[in-house]
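Engineer: Going by the numbering used here, the first residue of the sequence shown is number 2, and it counts up by one from there.
Built from N, CA and C at the ideal position, the CB exists for glycine as well.
Treat the numbers as computed from the prediction; the structure is a model and nothing was measured.
Handing you this structure, nothing more for now.
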Amino acid sequence: MHANLTYCNDLGLLRTAYDHYVHYVLAEKYRKENREKGWNARDVERIVVQRARQRLCDRRYKFLVAHKYAKRYQVIASNVNAHSDDEYNTKTGLHIIKTLPYQSENETAFFQMLDSKMAEVDHMMGHRANQQVRRRPKKPIISDFEKTPKNILIDFYRPEWFNEKNHSKKLVAADLSEFAFVPVKNLPPGSKEHPDKRVGDISFNYKYWESTIKDYEINPRTPNKSESQSVGSSLDDNSIDLDAATGERDVDNNLLEKEIIESGKGKTELLEEENDVAINNGEDVVMLDAWDSRLAGGNWRMNNYYDDVWK
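And the structure:
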């Protein structure tokens, strides 16, 4: 241990550190372990696995940048949540790759070819392979990591997983503007090189858009007729007819414009005079809110008047 002896005689600081560690850190671990047996051991293991994911993320990203892969792949590889984790198997001596619940077959195929290419380059350069030997099982093992990356290209996600999400979550999780991966069905059998890896985004999307977009539901679900009727029937007598309200607002706006033309004054000047009269007489104050909404961008003086009246 590299202990810092500078504050070893500062009893006040040591007492504070002791109270924090015992009464907060250890107490929190005790509560979690008491609630769920084995939680602390799993948490330590999870931290170790997450660090391994980060190292894998860094290696892949640096390789993509060094070998001038398209920018879309670099962006995806830079997100640690886009990389799968693994679990060491004592029987085989290998690290068994787990499958993220949201990753697509196209994304999986790309990273498999990328790992093969990285190993091939290391062998050609005479570099010692310092990364773990990872193997994918025939029967997928689902990863415990469920946190999804945000604003990542849509074909990173498995269509079945993506289509089950509501529209707001889809917008947060995915970039719906373009794609990144060649569909598995378009890959040559036994391919070890990712085709079109350096093709520009526009050309890539033009080539694969039609064959990929049809698998994803990117539009919000439209309620059926029965749902619309049930929603409409639940409205009470206090509901507003928007068409009628819009018509009344149009009439009010026309009257306001007519007053401005006849007086020869500007809109702001006329409204301020009417506000002064309303405030002095104590009447028609509620109309200030309506007037304020008629002005493009609002009128700060009218807002001040409104606040003064209701103080």
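Just reading off the alpha helix (DSSP H) that N41 is part of, what are its end residues?
Structural biologist: That run of the alpha helix (DSSP H) goes 40-67.
Engineer: Taking all protein chains shown into account, decide if P141 is buried (16 or more other Cβ within 10 angstroms of its Cβ) or exposed.
Structural biologist: Under this definition P141 is an exposed residue.
Engineer: Using three-state DSSP, classify L236 as helix, strand or coil.
Structural biologist: With a pLDDT of 41 at L236, under the threshold of 50, the modelled position of that residue is not reliable, and no figure is offered here.
Engineer: Put T93 into one of helix, strand or coil per three-state DSSP.
Structural biologist: Here T93 sits in coil by DSSP.
Engineer: For Y74, which of N82, V81, Y62 has the nearest alpha-carbon?
Structural biologist: Comparing Cα-Cα distances from Y74 to each of N82, V81, Y62, the minimum goes to Y62.
Engineer: Quick check: what's the CA-CA separation for F146 versus D44?
Structural biologist: Straight-line Cα distance between these residues: approximately 12 Å.
Engineer: One question on the structure: do E88 and V50 come within less than 9 Å of each other, judged by their Cβ atoms?
Structural biologist: Contact: yes.
Engineer: Is there contact here, the region 107-125 with the region 52-67, by at least three beta-carbon pairs under 8 Å?
Structural biologist: In short, these stretches touch, since the Cβ pair count reaches three.
Engineer: Quick test of the definition: if touching needs 3 or more C-beta pairs under 8 Å, does the region 162-173 touch the region 25-38?
Structural biologist: Touching, no, given that fewer than three Cβ pairs across the two stretches are closer than 8 Å.
Engineer: Can you tell me the Cα-Cα spacing of A71 and I77, whole angstroms?
Structural biologist: The alpha-carbon atoms of A71 and I77 are separated by roughly 11 Å.
Engineer: Have a look at G94, N90, E179, S85 and flag the residue whose alpha-carbon is nearest the alpha-carbon of P102.
Structural biologist: Closest by alpha carbon: S85.
Engineer: Rounded to a whole number of angstroms, what is the C-alpha to C-alpha distance between K215 and H21?
Structural biologist: Those two C-alpha atoms are separated by around 55 Å.
Engineer: Can you tell me whether D116 is helix, strand or coil according to DSSP?
Structural biologist: It is helical.
Engineer: For N107 and V185, which I take to be in contact (beta-carbon distance under 8 Å), what is that distance rounded to the nearest angstrom?
Structural biologist: Between V185 and N107 the Cβ distance is about 6 Å, and since that is below 8 Å, they are a contact.
Engineer: Measuring only the C-alpha atoms, how far is T91 from I97?
Structural biologist: In a straight line, the C-alpha of T91 is about 10 Å away from that of I97.
Engineer: Secondary structure at D123, three-state DSSP: helix, strand or coil?
Structural biologist: DSSP places D123 in helix when its eight states are reduced to three.
Engineer: Is it right to say E228 is buried, meaning 16 or more other beta carbons lie within 10 angstroms of its own, or is it exposed?
Structural biologist: Below a pLDDT of 50, predicted positions are generally treated as unreliable, and E228, at 45, falls in that range; the measurement from the model is reported next regardless. Per the 10 Å Cβ criterion, exposed.
Engineer: Taking buried to mean at least 16 other C-beta atoms within 10 Å of its own C-beta, is S212 buried or exposed?
Structural biologist: Looking at its Cβ environment, which holds fewer than 16 other Cβ atoms inside 10 Å, S212 is exposed.
Engineer: Which value, in whole angstroms, describes the spacing of the CA atoms of P160 and T109?
Structural biologist: So the two alpha carbons sit approximately 13 Å from each other.
Engineer: How should D156 be labelled, buried or exposed, when 16 other C-beta atoms within 10 angstroms of its C-beta is the threshold for buried?
Structural biologist: That one is buried.
Engineer: If you draw a straight line from the alpha carbon of V322 to that of H124, how long is it in whole angstroms?
Structural biologist: As shown, the chain starts at 2 and ends at 312. That puts residue 322 outside it, with no answer to give.
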